[in-house]
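The block underneath contains the structure these notes are about, expressed in structure tokens.
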Amino acid sequence: MRTETEMFDVILQTAKVLQVDAVAMSGSRTNPKAPKDELQDYDVVYIVEDLDGLIADLSWLDQFGKRIIEQEVTLGHRRLYLMFFEDGNRIDLTLCPKEYIQEWVDSEVGFRVLKDEKGLFEAYQPNAKRYWIAPPSEEEFAASCNEFWWVSTYVVKGIRRNQLIYATDHLYGICQQELLKVLAWQVVSARGTVDIGKNYKYLFQYLPAEQEKEFSNLLDLSSLEKVTQSLFSTMKLFNCEAQKLAKKMGFAYNHIEAKKMTVYAEEKLSNH
Numbered sequence: 000m001r002t003e004t005e006m007f008d009v010i011l012q013t014a015k016v017l018q019v020d021a022v023a024m025s026g027s028r029t030n031p032k033a034p035k036d037e038l039q040d041y042d043v044v045y046i047v048e049d050l051d052g053l054i055a056d057l058s059w060l061d062q063f064g065k066r067i068i069e070q071e072v073t074l075g076h077r078r079l080y081l082m083f084f085e086d087g088n089r090i091d092l093t094l095c096p097k098e099y100i101q102e103w104v105d106s107e108v109g110f111r112v113l114k115d116e117k118g119l120f121e122a123y124q125p126n127a128k129r130y131w132i133a134p135p136s137e138e139e140f141a142a143s144c145n146e147f148w149w150v151s152t153y154v155v156k157g158i159r160r161n162q163l164i165y166a167t168d169h170l171y172g173i174c175q176q177e178l179l180k181v182l183a184w185q186v187v188s189a190r191g192t193v194d195i196g197k198n199y200k201y202l203f204q205y206l207p208a209e210q211e212k213e214f215s216n217l218l219d220l221s222s223l224e225k226v227t228q229s230l231f232s233t234m235k236l237f238n239c240e241a242q243k244l245a246k247k248m249g250f251a252y253n254h255i256e257a258k259k260m261t262v263y264a265e266e267k268l269s270n271h
């Protein structure tokens, strides 16, 4: 596997050959809190004058190395080339016209300039707090609780119909995401605004180890039986954490709604 120094060399040398106007890097390699390992991507942007000219013939991508798999994505006025190389490195390369730098900056948490002889990035500030979470309003808290209990009915429906994927998608994709949100609000209610990272990846750094273990135990969704167990455990944990947060923040909590939805799930799934 090429070293970080070697990767930066090829990134900057290719930029020089292509005569791009500026180069910057974003992602975990610019975040001092992110764990450092060989799986980190190189999230790079080339600020370019002639996007159409570069994408007309992409043979220059070969300069980065031999690729096992790749993707091309259009994002607004930008083009993104996701490249996974034979040596295990990965570069996510964005080509951004210089008149749309703000569009790229707004899409990133933060960035570090690697090359900018024309000072194109000087007028732009990194969005360093994109994944920071602040305490909720009472309306936001109520909406989260309502979403959790409402979507729990879809999980029940999926289990009753023996639809594992449907039930799992709603349980993890929505209900447990609302639980993570409430846990994050628990953190900020005690600490103030914090950076929880993309997909809550830093959340459990702020919580006791037993809470991470408790949440991890909810993630065995390998069968309808396991999904059913996870649903009831998720409902119990959400109800407990939501009550704690409501008390701490001075919010109203709809205990009747929570109780009725739990009873509904128990009745529908008791003999399933």
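Per numbering that gives the first Met the number 0, the very first residue in the sequence shown carries number 0; after that it's consecutive. Cβ atoms here follow ideal geometry from the backbone N, Cα and C, with glycine treated the same way. Given the structure is predicted, the values throughout are model-derived calculations rather than measurements.
Which same chain residues end up closer than 6 Å to residue i when comparing Cβ atoms and leaving out the 5 residues on each side of it in sequence?
i	result
V154	A166, H169, L170 and L230
L50	L94 and P96
A183	I132, I195 and L202
Going by Cα to Cα distance, which pick from the options is closest to residue i?
i	options	result
E177	Y199, T73 and P207	Y199
R77	D86, I100 and Q62	I100
V150	R190, A264 and T29	A264
I68	P34, V104, G75 and E85	E85
D115	I10, D61, D219 and D20	D20
A133	F203, V181, C95 and Q18	V181
V193	F83, E211 and P135	P135
R66	D36, L113, V22 and D91	D91
A257	L244, M234 and A245	M234
L338	A183, S232 and R1	With the chain covering only 0 through 271, there is no way to say anything about residue 338.
R1	L179, E48, G64 and A23	G64
F214	L179, V262, A122 and E139	L179
Q18	E71, R190, E48 and E139	E48
L244	A189, V262, K197 and L268	A189
K15	K35, W59, E37 and V262	W59
Using the beta-carbon count (16 or more within 10 Å), is residue i buried or exposed?
i	result
D42	buried
W148	buried
S273	With the chain represented from 0 up to 271, any question about residue 273 goes unanswered, as that position is not in the structure.
C239	exposed
G26	buried
I255	exposed
Q62	exposed
L57	exposed
V104	buried
Q70	exposed
A122	exposed
In whole angstroms, give me the CA-to-CA distance for residue i and residue j.
i	j	result
C144	E224	25 Å
L81	G157	35 Å
K247	T93	44 Å
L217	E107	31 Å
F7	Q162	47 Å
Y45	Q185	40 Å
T227	I164	13 Å
N88	T13	16 Å
I10	R28	14 Å
L236	E146	15 Å
N270	Q124	57 Å
E5	R160	54 Å
A208	I195	16 Å
V112	L119	10 Å
T152	Y205	31 Å
E211	E266	30 Å
I54	E3	26 Å
E138	L202	23 Å
C174	E98	41 Å
G172	K117	44 Å
T73	L79	6 Å
V35	L268	Before going further, note that residue 35 is Lys rather than Val in the sequence given. C-alpha separation (whole angstroms): 45 Å.
I'd like the list of long-range same chain contacts for residue i, defined as Cβ closer than 8 Å, with 5 residues on each side in sequence excluded.
i	result
A141	F250, A251 and N253
Q39	G26, S27, R28 and A33
E102	G75, H76, R77 and C95
N30	V108 and G109
V187	I132, A133, P134 and V193
M260	W148, S151, T152 and M234
F83	R66, I67, I68, E69 and R89
If you drop the 5 nearest sequence neighbours on each side, which residues of the same chain put their C-beta closer than 7 Å to that of residue i?
i	result
Q242	Y252
A283	An answer regarding residue 283 cannot be provided, because it is not within the stretch 0 to 271 covered by the chain.
Exercise. Which whole runs of the alpha helix (DSSP H) in the stretch 76-138 are 4 residues long or more, in chain order?
Worked result: Runs of the alpha helix (DSSP H) inside the stretch 76-138: 100-105.
For this session: Could you tell me which uninterrupted alpha helix (DSSP H) segments, each at least 4 residues in length, are contained entirely in the stretch 156-208, listed from first to last along the chain?
Result: Taken in chain order, the complete alpha helix (DSSP H) segments of 4 or more residues contained in the stretch 156-208 are 163-169 and 175-190.
Problem set entry | Ordered list of alpha helix (DSSP H) runs contained in the stretch 33-74, each at least 4 residues | Correct list: 50-55.
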